[in-house]
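Taking it in order: structure first as structure tokens, then the write-up.
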Amino acid sequence: MREPYVSFLLYAVFVVANAALLIGVSHFAAPRRPTPSKLEPYESGMPPLGDAHERFSVKFYLVAMLFIVFDIETVFLIPWGAIYFSGDGAGGTGPGMGFLLAEMLVFLAILFVGYVYVWKRGAFDWD
Amino acid sequence: MTFFLVASIVKILVVFTVIMVGVALLTLAERRICAWIQDRLGPNRVGPEGLLQPAADGLKNLLKEETLPGQADRLLFVLAPALAFVPALLAIAVVPFGAPLPTPWGDVPLVVADLPVGFLYILAIGSLGVYGVVLAGWSSNNKYALLGGLRSSAQMISYEIALGMSTVAVLLLAGNVTLSDVVARQQQSLFTWNVFPLGLAYFIFTVAAFAETNRLPFDLPEAEAELIAGYHTEYSAMKFSMFYIAEYANMVTASALMATLFFGGWDIPFTHWDDAPPWTVAKTLATLGVFALKVCCFLFLYIWVRWTLPRFRYDQLMALGWKVMLPLALVYIALLATAIWVLHDRLGWTYDSRFALALCGLNVLLAIPLFFVLDRGHLIASSVAEGGA
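Next up, the structure:
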């Protein structure tokens, strides 16, 4: 049962080692002759004005928060989906398909109310 | 145990090599196909038909001078290409690509790691890729790069919800997240390929996969007309190459997933010869070939779409993700679950071609009004009209 995880770890180590190798080799193989203009950020040839690390639109934070809410809904759907059809509610001893369906429809309905609310509040409008 | 370790290591080396060579050839294929679509020649000088062009590009990128902007955050700037590269190559690990290979010491399943967590692993690893892009944009200390990184983070997490929900539909039919079980479930007949009972889920998955891989029409993170090169503006030489490899490796993974989740994986249509033991080398080779063919079809689709559709505007992109794809996926799951309940619990059907075709009919019924509304951007245009225009 643990065997796939061993293969995965081997693969992960191999991939990370390759990434390190690529960065390392180019670090030593490539020439490096910096000049002041090479070190400037490239902003279409204009002299850069100010620093790039400034405040950015709060919209991005809003999207991130909405993502967490709806992604967790997806996580709740996954175990339900896994037992819904083929398991027949955990081998016939479970609550049964009709109950599982009703339960999930209630869940989706509540979720949908929240969805309509954020839409009406304008969270999805990108101005 | 020794045999298992040797088999794993051989599989890892082969899969990694195939993906890297595949990615190299894919960059060439993209340029040749784009040239073909635009009625010009494309790179055809290095080697026969330009086949050595990727090797020449790789060598050049290895030996070219690298710039490191003076104001950049050095550690993150160096780390970001690796953070994009590693998840892109890791994600393919759970995809089964052929029937088990018989050897004198036992059967070898043709998948790097058949994790019981299956495509949950892909969703998890796939979303890690956003770190590489965001950190590349932020650490460059370049305003265009920062904008590209921000755009990509918002875009990738927005479409990830639709992506996850469309796989819930697959889960409903397969009852299991392990990808080899998903493939086994589809082998009954051609009509139990999930694209028939779950056509709309496939549509949502494809759109979301295009957005997740930052490909046109969703390539806003590197929209060259607005942002120079987006998040990798400041990258050169090998580090730029790594972002490039990551993008194409993500395309390969997404194509392999489309084939596995919706087109029967390595199943050969119209025959049951390939489905069951005893496993032979011929079966392994045939299924490998079929799987490669399916993946290539989807890769061609990626390139074809890139040179066919114009880019979205950013507000249209977010509106499509949140106001169309998300409710569509939610309603679809509810309808699909109800349909399965009626067919299985009320009518007593078991899962076979008839069941799949009934669901396919439901999909067609839903698709007609959907595409009638989606067509010509009616729905997208009206959903952004309140603020814009």
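Protein chains in written order, with the numbering used here: chain A, 1 to 127; chain B, 1 to 389.
Ideal placement from N, C-alpha and C gives every residue a C-beta, glycine not left out.
Please check the pair residue i and residue j, which I expect to be a contact at CB under 8 Å, by giving their CB distance rounded to whole angstroms.
{"i": "A209 (chain B)", "j": "M156 (chain B)", "result": "Not confirmed; about 11 Å, so no contact."}
{"i": "G149 (chain B)", "j": "G137 (chain B)", "result": "2 Å"}
{"i": "A162 (chain B)", "j": "M1 (chain B)", "result": "Actually they do not touch by this definition, with Cβ atoms about 42 Å apart."}
{"i": "A319 (chain B)", "j": "W80 (chain A)", "result": "The Cβ separation is near 29 Å, so there is no contact."}
{"i": "I340 (chain B)", "j": "A169 (chain B)", "result": "With a Cβ gap of about 10 Å, I340 (chain B) and A169 (chain B) do not count as contacting."}
{"i": "L135 (chain B)", "j": "L79 (chain B)", "result": "7 Å"}
{"i": "S7 (chain A)", "j": "S8 (chain B)", "result": "4 Å"}
{"i": "G164 (chain B)", "j": "L123 (chain B)", "result": "6 Å"}
{"i": "Y351 (chain B)", "j": "R151 (chain B)", "result": "About 42 Å separates the two Cβ atoms, so there is no contact after all."}
{"i": "T280 (chain B)", "j": "P102 (chain B)", "result": "6 Å"}
Can you pull the chain A neighbours of residue i, defined as C-beta to C-beta under 8 Å?
{"i": "K323 (chain B)", "result": "W119, F124"}
{"i": "N141 (chain B)", "result": "P41, D51, A52, H53"}
{"i": "K239 (chain B)", "result": "I23, S26"}
{"i": "D39 (chain B)", "result": "Those do not exist, as D39 (chain B) stays about 31 Å from chain A at its closest Cβ, beyond 8 Å."}
{"i": "M242 (chain B)", "result": "A19, L22, I23"}
{"i": "E160 (chain B)", "result": "F67, D71"}
{"i": "L326 (chain B)", "result": "F70, Y115"}
{"i": "T271 (chain B)", "result": "Within 8 Å Cβ-Cβ: nothing; T271 (chain B) doesn't reach chain A, min ~24 Å."}
{"i": "H344 (chain B)", "result": "F85, M97"}
{"i": "L90 (chain B)", "result": "Y11, A12, V15"}
{"i": "E30 (chain B)", "result": "Per Cβ cutoff of 8 Å: no residues; E30 (chain B) is ~21 Å from chain A at best."}
Report the neighbours of residue i on chain B: residues whose CB is nearer than 7 Å to its CB, in chain order.
{"i": "G81 (chain A)", "result": "V168, L171, L172"}
{"i": "V16 (chain A)", "result": "V86"}
{"i": "M46 (chain A)", "result": "The premise fails here: M46 (chain A) is roughly 10 Å from chain B at the closest Cβ pair, so nothing lies under 7 Å."}
Any idea if residue i is buried or exposed, counting beta-carbon neighbours within 10 angstroms, 16 or more meaning buried?
{"i": "W273 (chain B)", "result": "exposed"}
{"i": "S166 (chain B)", "result": "buried"}
{"i": "E3 (chain A)", "result": "exposed"}
{"i": "P54 (chain B)", "result": "buried"}
{"i": "I92 (chain B)", "result": "buried"}
{"i": "R121 (chain A)", "result": "exposed"}
{"i": "D51 (chain A)", "result": "exposed"}
{"i": "L362 (chain B)", "result": "buried"}
{"i": "M97 (chain A)", "result": "buried"}
{"i": "A19 (chain A)", "result": "buried"}
{"i": "G24 (chain A)", "result": "exposed"}
{"i": "Q38 (chain B)", "result": "exposed"}
{"i": "P269 (chain B)", "result": "exposed"}
{"i": "W266 (chain B)", "result": "buried"}
{"i": "Y5 (chain A)", "result": "exposed"}
{"i": "D219 (chain B)", "result": "buried"}
{"i": "M65 (chain A)", "result": "exposed"}
{"i": "E54 (chain A)", "result": "exposed"}
{"i": "S44 (chain A)", "result": "exposed"}
{"i": "F70 (chain A)", "result": "buried"}
{"i": "F104 (chain A)", "result": "Note on residue identity: the sequence assigns Met, not Phe, to residue 104 (chain A). Buried is the call here."}
{"i": "T260 (chain B)", "result": "buried"}
{"i": "P48 (chain B)", "result": "exposed"}
{"i": "I303 (chain B)", "result": "buried"}
{"i": "A90 (chain A)", "result": "Low confidence applies here, because A90 (chain A) scores a pLDDT of 47, under 50, leaving its location unreliable; read the following figure in that light. Its Cβ having fewer than 16 others within 10 Å, A90 (chain A) is exposed."}
Against residue i, what residues of chain A qualify as contacts under a CB-to-CB distance less than 7 Å, listed in chain order?
{"i": "E66 (chain B)", "result": "S26, A30, R32"}
{"i": "W341 (chain B)", "result": "M97, G98, L101"}
{"i": "T206 (chain B)", "result": "Correct list: empty, because the minimum Cβ distance to chain A is about 18 Å."}
{"i": "I157 (chain B)", "result": "V63, A64, F67"}
{"i": "L63 (chain B)", "result": "A29, A30"}
What residues of chain B sit near residue i, judged by a beta carbon separation below 9 Å?
{"i": "I110 (chain A)", "result": "Correct list: empty, because the minimum Cβ distance to chain B is about 12 Å."}
{"i": "I131 (chain A)", "result": "This structure leaves residue 131 (chain A) out entirely; chain A is present only between 1 and 127."}
Return the bridge partner residues of residue i from the DSSP annotation.
{"i": "V108 (chain B)", "result": "B:L101"}
What does residue i reach in chain B if we use C-beta pairs closer than 8 Å?
{"i": "P4 (chain A)", "result": "A113, D114, L115, P116"}
{"i": "M65 (chain A)", "result": "Under the 8 Å cutoff, chain B gives no residues; its nearest Cβ is about 10 Å from M65 (chain A)."}
{"i": "S37 (chain A)", "result": "Residues of chain B passing the Cβ test: none, with the nearest at roughly 10 Å."}
For a contact meaning CB atoms closer than 9 Å, what does residue i contact in chain A?
{"i": "A319 (chain B)", "result": "F124, D125, W126"}
{"i": "I228 (chain B)", "result": "Y42, E43, S44"}
{"i": "F16 (chain B)", "result": "Y11, F14, V15, N18"}
{"i": "F210 (chain B)", "result": "Residues of chain A passing the Cβ test: none, with the nearest at roughly 18 Å."}
{"i": "P81 (chain B)", "result": "A19, L22, I23"}
{"i": "I333 (chain B)", "result": "L77, G81, M104, L108"}
When you compare the CB of residue i with every CB in chain D, is at least one pair closer than 8 Å?
{"i": "G148 (chain B)", "result": "The structure shown has no chain D; the protein chains it does contain are A and B."}
Sufficient close CB pairs (3 or more, under 8 Å) joining the segment 296–308 of chain B to the segment 226–238 of chain B:
no
The segment 305–321 of chain B in contact with the segment 262–277 of chain B per 3-pair CB rule at 8 Å:
no
Determine contact between the segment 105–119 of chain B and the segment 186–195 of chain B, defined as no fewer than three beta-carbon pairs at a distance below 8 Å.
no
The segment 341–348 of chain B touching the segment 21–39 of chain B, judged by at least three CB pairs closer than 8 Å:
no
Under 8 Å: do the segment 96–105 of chain B and the segment 58–70 of chain B share three or more Cβ pairs, one atom per stretch?
no
Inter-stretch contact (C-beta, 8 Å, three-pair minimum) for the segment 238–255 of chain B and the segment 137–146 of chain B:
no
I'd like to know if the segment 172–189 of chain B and the segment 211–227 of chain B are in contact, where contact means that at least 3 CB-CB pairs between them fall below 8 Å.
no
Does the segment 244–253 of chain B come close enough to the segment 83–92 of chain B to have 3 or more Cβ pairs within less than 8 Å?
yes
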